[in-house]
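Asker: In this note's numbering, the protein residues as written are 93 to 377.
Before I ask anything, let me first share the structure, which is written out below as structure tokens.
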Amino acid sequence: LDKGKGILTLEQLGMDTASRQRYSALAGQPYGIILVSGLTGSGKTTTLVSTLSQLNSADKNIITIEDPVEYQLPGVSHIQVNTRSGLTFATGLRSIVRQDPDIVMIGEIRDVETAEIAIHASLTGHRVLTTIHTNDAPNALTRLQEMGIEPYLIASAVVGVVSQRLVRLLCPHCRQPDVAPPDVIEWLRTMVKDLPQEFKLFRPHGCARCKHSGYLGRTGIFEVLVVAEPIRKLVLARATATQIADAARAEGMAHMRVDGMLKAIKGVTTVEEVLRVTRVEEPNV
93 LDKGKGILTL
103 EQLGMDTASR
113 QRYSALAGQP
123 YGIILVSGLT
133 GSGKTTTLVS
143 TLSQLNSADK
153 NIITIEDPVE
163 YQLPGVSHIQ
173 VNTRSGLTFA
183 TGLRSIVRQD
193 PDIVMIGEIR
203 DVETAEIAIH
213 ASLTGHRVLT
223 TIHTNDAPNA
233 LTRLQEMGIE
243 PYLIASAVVG
253 VVSQRLVRLL
263 CPHCRQPDVA
273 PPDVIEWLRT
283 MVKDLPQEFK
293 LFRPHGCARC
303 KHSGYLGRTG
313 IFEVLVVAEP
323 IRKLVLARAT
333 ATQIADAARA
343 EGMAHMRVDG
353 MLKAIKGVTT
363 VEEVLRVTRV
373 EEPNV
């Protein structure tokens, strides 16, 4: 979160139009949990802050509990976790719910107690935004089950999951056209539907503006999973993350690797960079 640049919009974070519309519809629901998933340093908190900024208005009571508080939003009550004094995510969240907020932001679901209170809050009419440490969106749902949360509670409370990674941006001042081998082009066509017949890829070069790294800044790649009825049924049936991923794609979710590849063919980043952050061994690709 670059405080010097202020609060970024979802578009500035790198979310494409389709994902942004899906996510904004989720964030606009009056109650339910939205999970933002990803690895450490993947920009989850930045996405939450951007979302809160979008939702913030004078008539809404918004309270956050964070460890640490990374960005102060005007009109929002921020609470800092302090384990030495007994203020944990769970104890703080209990106190917050008694204040009847419209929107609650929890820095991270780290344990079953926090998860249970968050679910209870969402089922009693509150909008809850939080993060969870998982590889992708489908795994966020199965992770809650692994923590001990009953499937019927997950299916009732969670309205959607956004998962993300950060990729380095090619320096626009020195990037150079790259000739992709035929097998890479064929592989891209299997990954990305409606790939243009002709497209350009670029590679890093290096110049004074990017300190000879070839890259300048970072952007997000995203996938947005809407917990619609087919997904709820799978959660209730204790389906695997792979089964949930297949159903989510059938419902319109684009895998974050596909989002990354679309950015690569626009010259924003490289195929190698997308593969680096999405990891070939991920089970739901």
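The C-beta atom is built at its ideal place from N, Cα and C for all residues, glycine as well.
Give the straight-line distance between the Cα atoms of arginine 176 and glycine 199, rounded to the nearest whole angstrom.
Answerer: C-alpha of arginine 176 to C-alpha of glycine 199: approximately 18 Å in a straight line.
Asker: In the DSSP assignment, what residue or residues form a beta bridge with serine 177?
Answerer: Residue pairing for serine 177: DSSP places it in no beta bridge.
Asker: Can you find the residues in the same chain that come closer than 7 Å, C-beta to C-beta, to glutamine 268, ignoring five residues on each side of it along the sequence?
Answerer: Phe294, Arg295 and His297
Asker: Cβ of histidine 218 within 9 Å of Cβ of isoleucine 241?
Answerer: No.
Asker: Would you mind reading off the limits of the beta strand (DSSP E) that contains histidine 212?
Answerer: In this chain, histidine 212 is not harboured by any beta strand (DSSP E); it is covered by the alpha helix (DSSP H) spanning 204-215.
Asker: CA-CA distance, alanine 232 and aspartate 203?
Answerer: 13 Å
Asker: Residues bridged to methionine 197 by DSSP?
Answerer: Thr156 and Leu221
Asker: In angstroms, rounded to a whole number, what distance separates the CA positions of valine 327 and alanine 210?
Answerer: 18 Å
Asker: Have a look at the DSSP bridge pairing and note the partners of proline 269.
Answerer: In DSSP, proline 269 forms a bridge with Phe294.
Asker: Would you mind listing the alpha helix (DSSP H) stretches within the region 305-357 that are 4+ residues and don't spill past its ends, in chain order?
Answerer: Within the region 305-357, the complete alpha helix (DSSP H) runs of at least 4 residues are 321-328, 333-342 and 348-357.
Asker: Measuring alpha carbon to alpha carbon, tell me which of Glu158, Met197 and Arg260 ends up nearest valine 369.
Answerer: Arg260
Asker: Below 8 Å CB to CB, which residues in the same chain sit around arginine 112 once its five sequence neighbours on both sides are set aside?
Answerer: Only Leu102 and Glu103 meet the Cβ criterion.
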